[in-house]
Amino acid sequence: MNILLSIHHRLNKNEGAPGVTYQLYQEYKELGHEVSIFSIDDIPSFIPNKLKSFLFPVFFYFHVKKTSRKKKIHVIDASSGDSWILSLLRNNKRNLDTVLVARSHGLEHTVHQSRLDQQRVGDIKLSWKYPIYHGGLRLWEVSTSFKKADGCLFLNKHDLQYALKNIKANERYSRIISNGLPNYFLNLSGAIKPVPSHEKMQIAQVGSYIPRKGILYTAKAMNVILEQFPSIELSFIGTGCSVEKVLMDYKPEFHNRIHVISKYNHEDLPKLLIGKHILMFPSLAEGFPLVLIEAMACGLLPIATSTPGPLTILKDGYDSVIVPPADSKAIENSLHNIVTDPERLNQIRINAYKSAQRYKWSVIAKETIEFYEEIRLGKSNLNERTRLF
Numbered sequence: 001m002n003i004l005l006s007i008h009h010r011l012n013k014n015e016g017a018p019g020v021t022y023q024l025y026q027e028y029k030e031l032g033h034e035v036s037i038f039s040i041d042d043i044p045s046f047i048p049n050k051l052k053s054f055l056f057p058v059f060f061y062f063h064v065k066k067t068s069r070k071k072k073i074h075v076i077d078a079s080s081g082d083s084w085i086l087s088l089l090r091n092n093k094r095n096l097d098t099v100l101v102a103r104s105h106g107l108e109h110t111v112h113q114s115r116l117d118q119q120r121v122g123d124i125k126l127s128w129k130y131p132i133y134h135g136g137l138r139l140w141e142v143s144t145s146f147k148k149a150d151g152c153l154f155l156n157k158h159d160l161q162y163a164l165k166n167i168k169a170n171e172r173y174s175r176i177i178s179n180g181l182p183n184y185f186l187n188l189s190g191a192i193k194p195v196p197s198h199e200k201m202q203i204a205q206v207g208s209y210i211p212r213k214g215i216l217y218t219a220k221a222m223n224v225i226l227e228q229f230p231s232i233e234l235s236f237i238g239t240g241c242s243v244e245k246v247l248m249d250y251k252p253e254f255h256n257r258i259h260v261i262s263k264y265n266h267e268d269l270p271k272l273l274i275g276k277h278i279l280m281f282p283s284l285a286e287g288f289p290l291v292l293i294e295a296m297a298c299g300l301l302p303i304a305t306s307t308p309g310p311l312t313i314l315k316d317g318y319d320s321v322i323v324p325p326a327d328s329k330a331i332e333n334s335l336h337n338i339v340t341d342p343e344r345l346n347q348i349r350i351n352a353y354k355s356a357q358r359y360k361w362s363v364i365a366k367e368t369i370e371f372y373e374e375i376r377l378g379k380s381n382l383n384e385r386t387r388l389f
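So for the sequence shown, UniProt numbering puts the first residue at 1; every next one is plus one.
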C-alpha cells in the first residue's frame, strides 16, 4: 500500500508524537509498504513558526491533492486535527479507494479538561486567549477530523469512549492502539540489577519541564524526600529548558543532588536510564505515555498518576505504584514507602521490566495495517453495493 502519515510537529524522532510517527514509518517500510510523512518541516520556512501549526491543515490538504494526482494514496493516517479541511472537502465518491484515518496521540479534549481543572484549583492560570483557539477552535478542528474520518485510532479507553459519545466518531471503525518500543529498548541486559539497601537511590523524571507533566507535584514531594533521605539523587531528562529553571523549584541545599539533561538522542535514553531505580510520572493528562514503557524496559519502577494513559499500561502494586493526580502528599508517601522497602522495590522493578517487553513496534505496525485493510474492505463492499443500485 501507499501510506501517507502526517504530524503537525517537527519530525524529531526523539520526541513523543513525532517519534511515534517516525517509528511507524520505519516499520511500514520494513513490511514492504510505500510510506511518506508530511510534517511541519515541509511547510515553507518563511512562514512564522506560530502560524505553521495553525495553517498546517491547509498545507496538508494541498499536499494530498498534489500527491494524489501523481500516484494513488491508499491510506492517509493523519494526526488529530490535521485532516479537518481534507475531510470536509474530499470527494467521497471519487475517493472510495482511499482510507482516511484520524489518529490521536492523546485526545486534546482530555488535555483541555485537565487544564480547566488545574485552573479551578489555582495551580495554573490560563491566558485570556486560550478559549479562542486551543480551548475553542482547535477542539472543533479535532472533533471534525475524527467525525469525518473513515477510521479512528485512540491510545486509551477513556479517549475512545469520549470520542464515540461526544464527537460521534465512527463506532464501527474506531480502535485502541498502543505505542511500542524500538528494538534498542528490548531485552536490555543489566536493566534489573537489584538495588542494595546501602546504595544511593536514583530517581528520574523524563519529559518536558512543563506544568502538564506534574512538575509542581514532583517538586513538593521531592523537597521533602531529599531532606529525609540524603542518599537519594534526582535526575530530569529531556526537560527542554535550562538547569536554572528546574533548580528554582528546589531548595538550594539539594542542588548538588539534582541532575538536569535538557536534550538527548532517543537511542541514548536506555544508557541514561539504566542504573536509575524509580521513575516519577505525575503527569496530569496523557494518551499513551511512551516514557513509561521505556523506563520500565530499563528497569525502573514507575510512580504514576491514575490518569487514562498510565492506567492503560500499568497494574498498581505489580509493575507500578499508582497515585491520584495532582496529589504531592500521595507521591511523597509512596516514595517513602518504596524507598524504605528495597525488596518490594526490586520485585516491582522486575515485574515492570517484564511488562514492557510486550510492547513491540513490529507487532503494533502489523495490527495497524490489518486495521487499514479492514476499512478498505468495508469501503470496497460499500462501493460494490453502490454500483448495484
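Note that beta-carbon positions come from the ideal geometry of N, C-alpha and C, so glycine has one too.
On a predicted model such as this, the values are computed, not experimentally measured, just so you know.
Counting the other Cβ atoms within 10 Å of the Cβ of residue 61 gives 16 or more, which makes it buried.
For secondary structure counted as the alpha helix (DSSP H) over 4 or more consecutive residues, the UniProt domain "Glycosyl transferase family 1" (198–354) holds these complete runs in sequence order: 215–228, 243–247, 269–273, 290–297, 308–313, 328–339. Residue environment: residue 47 is assigned as exposed (fewer than 16 neighbouring CB atoms within 10 Å of its CB, all protein chains considered). Between residue 360 and residue 181 the beta-carbon gap is near 6 Å, inside 8 Å, which marks them as a contact. When DSSP states are grouped into helix, strand and coil, residue 151 belongs to the strand group. The alpha-carbon of residue 33 is positioned some 20 Å away from that of residue 18. DSSP places residue 17 in the uninterrupted alpha helix (DSSP H) bounded by 16–30.
Setting aside the 5 residues that flank it on each side, residue 275 is surrounded in the same chain by 202, each with a C-beta closer than 7 Å to its C-beta; the list follows chain order. Cβ atoms of residue 246 and residue 260 come within 8 Å of each other, at about 5 Å. If you draw a straight line from the Cα of residue 315 to the Cα of residue 337, it is about 18 Å long. For residue 79, the secondary structure class from DSSP, reduced to helix, strand or coil, is strand. Annotated three-state conformation of residue 34 is strand, per DSSP. Residue 100 is bridged by DSSP to 76.
When C-beta atoms of the region 357–377 are compared with those of the region 323–342, fewer than three pairs fall below 8 Å, so the two segments do not count as touching. Per DSSP, the continuous alpha helix (DSSP H) segment holding residue 68 begins and ends at 49–70.
Rounded to the nearest whole angstrom, the C-alpha separation of residue 97 and residue 165 is 28 Å. The beta-bridge partner set that DSSP reports for residue 176 consists of 154. Distance from the CA of residue 281 to the CA of residue 295, rounded to the nearest whole angstrom, comes to 10 Å. Residue range 2–7 is occupied by the beta strand (DSSP E) that includes residue 6. Using a Cβ-Cβ distance cut-off of 8 Å, the region 78–90 and the region 99–115 are in contact, since at least three pairs of beta carbons, one from each stretch, lie closer than that value. Residue 118: member of the alpha helix (DSSP H) spanning 108–121, first to last residue. Around residue 84, the same chain offers 57, 141, 144, 145 as residues with beta carbons nearer than 7 Å, after the five sequence neighbours per side are excluded. For the set 14, 251, 293, the Cα lying nearest the Cα of residue 310 is the one of 293. Restricting attention to 344, 263, 65, 220, the CA atom closest to the CA of residue 240 is found in 263. No residue range can be given for residue 167, since it is assigned to no alpha helix (DSSP H) and is classified by DSSP as neither H nor E. At least 7 Å separates the beta-carbon of residue 11 from that of residue 36. For residue 123, the CB contacts under 8 Å within the same chain, skipping 5 residues up- and downstream, are 211, 216, 326 in chain order.
Minimum Cα-Cα distance from residue 267 among the listed residues 63, 183, 339, 53 corresponds to 183.
Per DSSP, the unbroken alpha helix (DSSP H) holding residue 87 starts and ends at 84–89. When the beta-carbon positions are compared, residue 106 and residue 286 come within less than 7 Å of each other.
A Cβ-Cβ contact shorter than 7 Å links residue 353 with residue 192. In the displayed model, residue 181 falls within a strand according to three-state DSSP. The shortest CA-to-CA distance from residue 270 to any of 304, 157, 298 is the one to 298.
Taking all protein chains shown into account, residue 301 has 16 or more neighbouring C-beta atoms within 10 Å of its C-beta and is therefore buried. By the Cβ neighbour-count rule, residue 190 is exposed, with fewer than 16 other Cβ atoms within 10 Å of its own.
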